[in-house]
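Enquirer:
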Amino acid sequence: MLCVGRNYAAHAKELGNEVPKEPLLFLKPPSSIVGPFGVVVLPRESERVEHEAELGVVIGKRAHRVSAEDALSHVLGYTIVCDVTARDLQRKDVQFTRAKGFDTFCPVGPWIETDLDPRDVEVTCTVSGALRQKGRTSQMVFDVATLISAMSQVMTLEPGDLLVTGTPEGVGPLVDGDTLVVGVEGIGVLELDVKKGA
Ligand code: ZN
19 MLCVGRNYAA HAKELGNEVP KEPLLFLKPP SSIVGPFGVV VLPRESERVE
69 HEAELGVVIG KRAHRVSAED ALSHVLGYTI VCDVTARDLQ RKDVQFTRAK
119 GFDTFCPVGP WIETDLDPRD VEVTCTVSGA LRQKGRTSQM VFDVATLISA
169 MSQVMTLEPG DLLVTGTPEG VGPLVDGDTL VVGVEGIGVL ELDVKKGA
């Protein structure tokens, strides 16, 4: 999974960060994936685990140094991702590997929608019935086509790669017993239970 940080200006601001001039890229390990109706486990190493509702892009055709104009022709379809983040560890570490890499920190699904225009759909996150995040992909600093082009200048994107496009404002904590619902307009919802790890 290839992800981008601070891709919505209001979210960059809420965490006290500048809006980047180029996409800020990082990776999440495949072992962090959990299914759309599974359990997010809060690891004992963190005291502050947060949700980040995001649009996911699944690559269908190899992309190497593609232009933004050509980028969307390399997409198989779109899905929903929650980029779960241990915010305290993210603040402590220089980079994001540990904070975003725990098992179950990447809920994905429930399917790949092949018929979606990604330029202006709503992204939401509700935690135990309270709406926390509500944004639109039209508010992205770098839109999907620009992101794919920028990412493909760095590394070849392969079929099956999952691009995670950043989160709107409203991130907040998850606690033991929460129900996490993440939605993207035109795709559907993920619904996961949140439980404290052993
Ligand atoms: Zn994120």
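If you number the sequence shown the way our numbering does, the last residue is 216 and the count never jumps.
Ideal Cβ positions, reconstructed from N, Cα and C, are used throughout, including at glycine.
1) Quick check on this structure: which residue in A30, V58 and V76 has the alpha carbon closest to the alpha carbon of L175?
2) Just to confirm before moving on: does the CB-CB distance between V145 and L210 stay below 8 Å?
3) Extract the residue ranges of the alpha helix (DSSP H) inside the segment 127-201, only unbroken runs of 4 or more that lie entirely within it.
4) When you compare the CB positions of H29 and P186, do they come within less than 8 Å of one another, or not?
5) Would P41 pass as a contact of F160 if the rule is Cβ separation under 8 Å?
6) Please report the distance separating the alpha-carbon of E65 from that of K31.
7) Would DSSP call G53 helix, strand or coil?
8) Is any heavy atom in the ligand ZN found nearer than 7 Å to the beta carbon of V93?
9) Residues around the ligand ZN, please: the ones whose beta-carbon is closer than 7 Å to some heavy atom of it, in chain order.
10) With H, G and I counted as helix, E and B as strand and the rest as coil, what does DSSP make of G34?
11) Give me the Cα-Cα distance between D179 and L94, rounded to the nearest whole angstrom.
12) Between which residues of its own chain and V207 is the CB-CB distance below 6 Å, once the five residues before and five after are set aside?
13) Could you name the residues of the same chain whose beta carbon sits closer than 6 Å to that of R24, not counting the 5 residues immediately before and after it, in chain order?
14) Quick one: residues in its chain with C-beta nearer than 8 Å to the C-beta of K213, no 5 flanking neighbours on either side, listed in chain order?
15) On the CB-based measure, 16 or more other CB atoms within 10 Å of its CB, does L149 come out buried or exposed?
Expert: Quick answer:
1) Working through the sequence shown from its first residue, we reach residue 175 at position 157. That would be V76, whose Cα lies nearest to the Cα of L175.
2) Locating residue 145 in the sequence shown gives position 127, where the first residue counts as 1. Locating residue 210 in the sequence shown gives position 192, where the first residue counts as 1. No, these two residues do not count as a Cβ contact at 8 Å.
3) 162-172
4) By one-based count along the sequence shown, residue 29 stands at place 11. By one-based count along the sequence shown, residue 186 stands at place 168. In contact: H29 and P186 (Cβ atoms closer than 8 Å).
5) In the sequence shown, residue 41 corresponds to position 23, counting from 1. In the sequence shown, residue 160 corresponds to position 142, counting from 1. Cβ distance < 8 Å, so P41 and F160 count as in contact.
6) Here residue 65 refers to the residue found at position 47 of the sequence shown. Here residue 31 refers to the residue found at position 13 of the sequence shown. Put simply, the backbone Cα of E65 is about 22 Å away from that of K31.
7) For this step, residue 53 is matched to residue 35 along the sequence shown. The three-state reading of DSSP puts G53 in coil, since its state is none of H, G, I, E or B.
8) Your numbering for residue 93 matches position 75 in the sequence shown. V93: no, Cβ never under 7 Å from the ligand ZN.
9) The set, ordered by position in the chain, is C21, G23, E70, E72, D101, T103, V182, G184 and T185.
10) Residue 34 sits at position 16 when you count from the first residue of the sequence shown. G34 falls in the coil class under three-state DSSP.
11) As a working mapping, residue 179 is identified with position 161 in the sequence shown. As a working mapping, residue 94 is identified with position 76 in the sequence shown. If I take the Cα positions, the gap works out to 10 Å.
12) Within the sequence shown, numbered from 1, the residue matching residue 207 stands at position 189. If we look at V207 and ignore the five residues flanking it on each side, its Cβ neighbours are V199 and G201.
13) Your numbering for residue 24 matches position 6 in the sequence shown. Around R24: A30, N35, P38 and L42.
14) What you label residue 213 is simply residue 195 of the sequence shown in a count that begins at 1. These residues qualify, in order along the chain: V57, V58, V59, L60, D194 and G195.
15) Here residue 149 refers to the residue found at position 131 when the sequence shown is read from its first residue. Counting Cβ neighbours within 10 Å, L149 comes out exposed, since fewer than 16 surround it.
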